[in-house]
Structure formats: C-alpha cells, structure tokens
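The next block holds one structure in the form of structure tokens; read it before the comments.
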Amino acid sequence: MGYLKQRNPFENALKQFDKAAKVLKLSKNQIAVVKEPRRVTEVNLPIRMDNGSIQVFKAFRVQHSIARGPAKGGIRYHPQVHVDEVKALAFWMTYKCAVVNVPFGGGKGGIVVDPAKLSPAELERLSRRYFAEMSDLFGPDKDIPAPDVNTNSQVMCWMFDTYSMQHKEHIPGVITGKPLGIGGSAGREVATALGMFHCVVEAYRIMNKNLEGASVAIQGFGNAGSNAAKFLSDAGAKVVAISDISGAYYNPDGINVNTALSTCAQNKRWSLQGLEKQLQVEKLKDPMKLLELDVDILIPAALEDQITEENAANVQARLIAECANGPITVEADAILDKKGVRVIPDILCNAGGVTVSYLEWVQNRMGYYWAEERVNEDLKRFMVTAFQQVWQTSEQYKVNLRIAAFILSIRRVTEAAELRGLYA
Ligand code: GLU
Numbered sequence: 029m030g031y032l033k034q035r036n037p038f039e040n041a042l043k044q045f046d047k048a049a050k051v052l053k054l055s056k057n058q059i060a061v062v063k064e065p066r067r068v069t070e071v072n073l074p075i076r077m078d079n080g081s082i083q084v085f086k087a088f089r090v091q092h093s094i095a096r097g098p099a100k101g102g103i104r105y106h107p108q109v110h111v112d113e114v115k116a117l118a119f120w121m122t123y124k125c126a127v128v129n130v131p132f133g134g135g136k137g138g139i140v141v142d143p144a145k146l147s148p149a150e151l152e153r154l155s156r157r158y159f160a161e162m163s164d165l166f167g168p169d170k171d172i173p174a175p176d177v178n179t180n181s182q183v184m185c186w187m188f189d190t191y192s193m194q195h196k197e198h199i200p201g202v203i204t205g206k207p208l209g210i211g212g213s214a215g216r217e218v219a220t221a222l223g224m225f226h227c228v229v230e231a232y233r234i235m236n237k238n239l240e241g242a243s244v245a246i247q248g249f250g251n252a253g254s255n256a257a258k259f260l261s262d263a264g265a266k267v268v269a270i271s272d273i274s275g276a277y278y279n280p281d282g283i284n285v286n287t288a289l290s291t292c293a294q295n296k297r298w299s300l301q302g303l304e305k306q307l308q309v310e311k312l313k314d315p316m317k318l319l320e321l322d323v324d325i326l327i328p329a330a331l332e333d334q335i336t337e338e339n340a341a342n343v344q345a346r347l348i349a350e351c352a353n354g355p356i357t358v359e360a361d362a363i364l365d366k367k368g369v370r371v372i373p374d375i376l377c378n379a380g381g382v383t384v385s386y387l388e389w390v391q392n393r394m395g396y397y398w399a400e401e402r403v404n405e406d407l408k409r410f411m412v413t414a415f416q417q418v419w420q421t422s423e424q425y426k427v428n429l430r431i432a433a434f435i436l437s438i439r440r441v442t443e444a445a446e447l448r449g450l451y452a
C-alpha cells in the first residue's frame, strides 16, 4: 500500500501546523513550545526467539506534548516503523486530544517488527520487554499508551501486567484499550469507527444529504475499517469497496459486510483473503484504485500518505472521512480543496478511539465501570461537540476542516502552555 514511499509524515504534519499557525498569527515563542516533540526515546530490545536465538528489535516512544495532560497515544508494530513516522503520529495525538478536549497531551510508540512473523510467545516477550524497558516514561499521570496498527487488547494486557508487576501494585490506568475482562472499557473496541460514524452523520446532516444508499469505499479492514463498514452499512449506506493487504474488492451494487467480517474471522489471521470466492466481488488489479472509485464517501483506514499529489486529482468521492492517521498529504489536500472534496480530518474523525481511552482511564481511576450505553452517550457528545466546533471554525476563518481543527486545537495547546509557563 505504498507505505511511506520515501515521504516524511513528520514534515507533512509540520506543514499542516504551519498553515494553521499562520492563520492564528502565532508568535515564534508560541510555536517554539508546541511544535516539536518534547522527548524522543529509541531502544533496542533483545528478544529470545522460540528456536533459542536472540533477535534485536528497534523501538521508539515519542512524547510530543504534556502541556494539557499526560502524553497519550498508541503503540504500533510494523516492519516499516520509522522515527519520523512516530514523531508525526505523536504530534497528531497532541492535537487530536485537544480537538475533542480530553485532558491529555500527545505521544506515540512503535516497534520495527512484522508481528505476523512472530509466534504468540515471541510477541508476548517483545511486548513485555518494550514496556519494561520504557517503564520510567510510562504512568497513569505521565504517559498512557493504547493500541494502534497491529496491536490489540491482549498486547495492552501484557503491558499493563508487566508495569503492575514491576511496581507491585495494580495500575490499570497506565494503558488503555485493555480487554473488558481486565480493566477495559465497554465500547473501546469499536470507538474509533463509531466516532467517525458520528462525524459522517453530522456532516451529512449539515450538508442536507441522506446517508441511506450513499456509496462508500473503505481502504483498510483492521479495527477501524471493519467497524466503519459495519456502522455505515447498518445505517443503510452501501459499502461498495473494501481492502486490506490481501487486495481490494469491489462491487458497485454493494458488498455484504457481514460476509466480509466472517471471511476475516475464518482466515487463520484476520484477512479478507479469498473474499472473491465468498461473494460477487471484483478483485481490483491495482488496490490503490479503490481510492479513485466514484463513491459518495471514501474512508482511508490504513496508513499514512495514501492520497498524494500523484492520485488526488483522480479522487471522485464527495466526502473523505480519515479513519487512518495522516492518509492525505498537504499537497493532496490542496488539490482536493480545489475539486471541492470535503475532508473530515484524522485529528477529528478518528478521535473516538482516544476519547473512549480517556473514559477507560477515568473508570480505571475510579474503580467503577460504566455500561456501554453510558460510554457511547459520552462518546457521541464529545464527537458531536468537536465536530460542530471545527465546522464553525472552518466557516469563521473560511478554511477547510483540517486547518480549522488545527486552529481550534493549537489554540487550546498554546493556551495551556502559556498558562503553565516555564518551570525553570
Ligand atoms: N491509536 C489510536 C489513535 O491513533 C488511539 C490512541 C489512544 O487511545 O490513546 O488515535
């Protein structure tokens, strides 16, 4: 899927920042304290493999900002994880948390590894060693990780256990996205997609459009993409294309999302492999063409830098809802703007995940757990409020929704940084 393609997502993130900073007329001093990451940590993790050999894995944790609260953000496992990517993802977390107004800063972690090549026991040892090695950085009031690409609730659980055993205390608030059976929150698993869904519903309401029958293409079928397909099809939208590393599958009359989900569940690893045998779908020769299909709504839900200056002009969707972090480059944004394609930006659109992470952290600290209805009600309120504030900002400053989301969030982060001042 063109992962990174020699592009630098951190440079892309900084260009997004600069655009909003210009509108806000931020001073040099203001920019100096909120733009670059506060701390970048790199470690090498030696792991005993099942065959007795030792393999060393490079890993990172970036804390971009702690101005509004402890650093917050997921941990990604991927063979092409790069420090500049992790810096970009940490940067986006700072502003994502500020857009939805949860009291966190921004952070992100990553391990350079293809988890498909590890046994479950190797994966556990790697996850525990990562957390043990970085444990001085983490803490419920310091830095709180969560799942991201290729990590899940089991991985979070190993990390929580490692930290708690090291500290000889039960400390569930050190990490979010844990399993329901051990300190997780109802609703966390589907929160990213549900948050996106609230954004799309709001956008359609404001634009006076009907979601029923609207056609949707989704790139990526992991946690965000697969749940996005479910929420949208349950609401009457027509999911016409889906994809993952096995390929892109298309049927203009609609794809049965439940069949796609059961295909993934039946495969040894979660994958759409073989979907063309289960359903009437065309497997696209070039999976990137999914992004250029004639659809009402396009949902990039995979990785960064997917819509670039190379393919943006061919995008036919009327609305793009970014479930992934950083799927559209700054250059592509400009092309989409000219074409009149509306983009609900990542730092708003996929903020449902971190919003329910916040609710999980609150529940962990209270030791009292809410029913799913309560969590979902709060999530909806956070998302709809944020969406409306971003929309109003975009009208007020006559800028697109991404710049508006940055204006809103940079203002919140700089305000906190200024109120606090410098401690020495
Ligand atoms: N990895 C998710 C994101 O990119 C969730 C982060 C969190 O819950 O802290 O927003």
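Under my numbering, the first residue of the sequence shown carries the number 29, and numbering increases by one thereafter. Here a beta-carbon is modelled for each residue, glycine too, at the ideal position from N, C-alpha and C. Since the structure is predicted, the reported quantities are computational estimates derived from the model, not experimental observations.
Check whether Arg-440 and Ala-126 have beta carbons under 8 Å apart
Locating residue 440 in the sequence shown gives position 412, counting from the first residue. Locating residue 126 in the sequence shown gives position 98, counting from the first residue. Cβ distance < 8 Å, so Arg-440 and Ala-126 count as in contact.
Tell me the DSSP secondary structure of Tyr-277 in three-state form.
Residue 277 sits at position 249 when you count from the first residue of the sequence shown. Reduced to three states, the DSSP call for Tyr-277 is strand.
When the Cα of Pro-315 is compared with those of Ala-252, Ala-444, Ala-116 and Gln-247, which residue comes out closest?
Here residue 315 refers to the residue found at position 287 of the sequence shown. Ranking Ala-252, Ala-444, Ala-116 and Gln-247 by Cα distance to Pro-315 puts Gln-247 first.
If Trp-120 and Asn-353 are in contact, beta carbons under 8 Å, what's the gap, nearest whole angstrom?
As a position in the sequence shown, residue 120 is number 92, starting the count at 1. As a position in the sequence shown, residue 353 is number 325, starting the count at 1. Contact flag correct, Cβ pair sits at about 5 Å.
Does the Cβ of Glu-350 have 16 or more other Cβ atoms within 10 Å, making it buried, or fewer, making it exposed?
Here residue 350 is taken as the residue at index 322 of the sequence shown, counted from 1. Result: buried.
Which first and last residues belong to the alpha helix (DSSP H) in which Ile-435 is found?
Position 407 of the sequence shown, counted from the start, is the residue given in the question as residue 435. 429–448 is the extent of the alpha helix (DSSP H) around Ile-435.
Would you kindly work out how many angstroms separate the C-alpha atoms of Ala-288 and Leu-303, rounded to a whole number?
Counting from 1 along the sequence shown, the entry for residue 288 is found at position 260. Counting from 1 along the sequence shown, the entry for residue 303 is found at position 275. Spanning the two alpha carbons is a distance of roughly 7 Å.
Quick test of your reading: His-106 and Val-177, contact by CB under 8 Å. State the CB separation rounded to the nearest angstrom.
For the purposes of this step, residue 106 is taken as the residue at position 78 of the sequence shown. For the purposes of this step, residue 177 is taken as the residue at position 149 of the sequence shown. Contact holds; Cβ gap of about 6 Å.
Under the criterion of a Cβ to heavy atom distance below 7 Å, does Thr-421 qualify as lining the ligand GLU?
Here the question's residue 421 lines up with position 393 in the sequence shown. Not under cutoff, so the answer is no.
Runs of alpha helix (DSSP H) wholly within the stretch 233–300 (minimum 4 residues, chain order):
251–262 and 285–294
C-alpha distance - Gln-301 paired with Thr-179, whole-angstrom precision
Reading the sequence shown from its first residue, position 273 is the one you call residue 301. Reading the sequence shown from its first residue, position 151 is the one you call residue 179. In a straight line, the C-alpha of Gln-301 is about 20 Å away from that of Thr-179.
Rounding to the nearest angstrom, what Cα-Cα distance links Ala-310 and Leu-347 in this structure?
On the sequence shown, position 282 is the one that residue 310 refers to. On the sequence shown, position 319 is the one that residue 347 refers to. Just to set this straight, residue 310 is Glu in the shown sequence, not Ala. When rounded, the distance between both Cα atoms is 23 Å.
Pick from Ser-254, Ala-95 and Gly-134: whose alpha carbon is nearest that of Ala-221?
Taking the sequence shown and counting its residues from 1, the one referred to as residue 221 is at position 193. Of the listed residues, the one whose Cα sits closest to Ala-221 is Ser-254.
Segment contact flag, the stretch 372–391 with the stretch 215–230, C-beta cutoff 8 Å, min 3 pairs:
yes
Proximity of Leu-117 and Ile-139 at Cβ, strictly below 8 Å
Working through the sequence shown from its first residue, we reach residue 117 at position 89. Working through the sequence shown from its first residue, we reach residue 139 at position 111. Result no, Cβ atoms of Leu-117 and Ile-139 do not sit closer than 8 Å.
Can Ala-245 and Ala-269 be called in contact, C-beta distance under 8 Å?
Position 217 of the sequence shown, counting from 1, holds the residue named residue 245. Position 241 of the sequence shown, counting from 1, holds the residue named residue 269. Yes. Within cutoff.
Nearer than 7 Å: is that true of the beta carbon of Leu-175 relative to any heavy atom of the ligand GLU?
Within the sequence shown, residue 175 is the residue found at index 147, counting from 1. A quick correction: the sequence has Pro, not Leu, at residue 175. Checking the Cβ of Pro-175 against the ligand GLU gives yes.
Verify the contact flag: Thr-122, CB atom, against every heavy atom of the ligand GLU, threshold strictly below 7 Å.
Reading the sequence shown from its first residue, position 94 is the one you call residue 122. No, the ligand GLU has no heavy atom inside 7 Å of this Cβ.
Helix, strand or coil for Val-111, going by three-state DSSP, please let me know.
Translated into the one-based positions of the sequence shown, residue 111 becomes position 83. Of the three classes helix, strand and coil, the one that applies to Val-111 here is helix, per DSSP.
Assign Val-84 to one of two classes, buried (16 or more other C-beta atoms within 10 Å of its C-beta) or exposed (fewer than that).
Here residue 84 is taken as the residue at index 56 of the sequence shown, counted from 1. Result: exposed.
I need the boundaries of the beta strand (DSSP E) containing Tyr-23, first residue and last residue.
Lying outside 29 to 452, the shown extent of the chain, residue 23 is not represented and no answer is given.
What residues match up with Gly-137 in a beta bridge as DSSP calls it?
Locating residue 137 in the sequence shown gives position 109, where the first residue counts as 1. According to DSSP, which records beta bridges pairwise, Gly-137 is partnered with Arg-89 and Ile-103.
Minimum length 3: unbroken beta strand (DSSP E) runs contained in the stretch 147–214:
171–175
Assumed close pair Leu-429, Val-418 - CB separation to whole angstroms, cut-off 8 Å
Numbered from 1 along the sequence shown, position 401 holds the residue referred to as residue 429. Numbered from 1 along the sequence shown, position 390 holds the residue referred to as residue 418. Yes, Leu-429 and Val-418 are in contact; Cβ-Cβ is about 6 Å, under 8 Å.
Does the ligand GLU have a heavy atom nearer than 7 Å to the CB of Ser-385?
In the sequence shown, the residue the question calls residue 385 occupies position 357. True, at least one ligand heavy atom lies under 7 Å from that Cβ.
To the nearest angstrom, report how far apart Glu-388 and Asp-142 are at their CA atoms.
Along the sequence shown, one-based indexing puts residue 388 at 360. Along the sequence shown, one-based indexing puts residue 142 at 114. Near 28 Å, if we compare the C-alpha coordinates of Asp-142 and Glu-388.
On a CA-only basis, which of Asn-251, Arg-96, Tyr-451 and Lys-305 is nearest Val-128? Give me that one, please.
The sequence position of residue 128 within the sequence shown is 100, counting from 1. Here the closest residue by C-alpha is Arg-96.
Counting along the chain, where does the alpha helix (DSSP H) carrying Pro-37 start and finish?
In the sequence shown, counting from the first residue as 1, residue 37 sits at position 9. Here the alpha helix (DSSP H) through Pro-37 covers 37–52.
If we count the other Cβ atoms within 10 Å of its Cβ and call it buried at 16 or more, is Gln-467 buried or exposed?
Outside the shown range of the chain, which is 29 to 452, sits residue 467, and nothing can be said about it.
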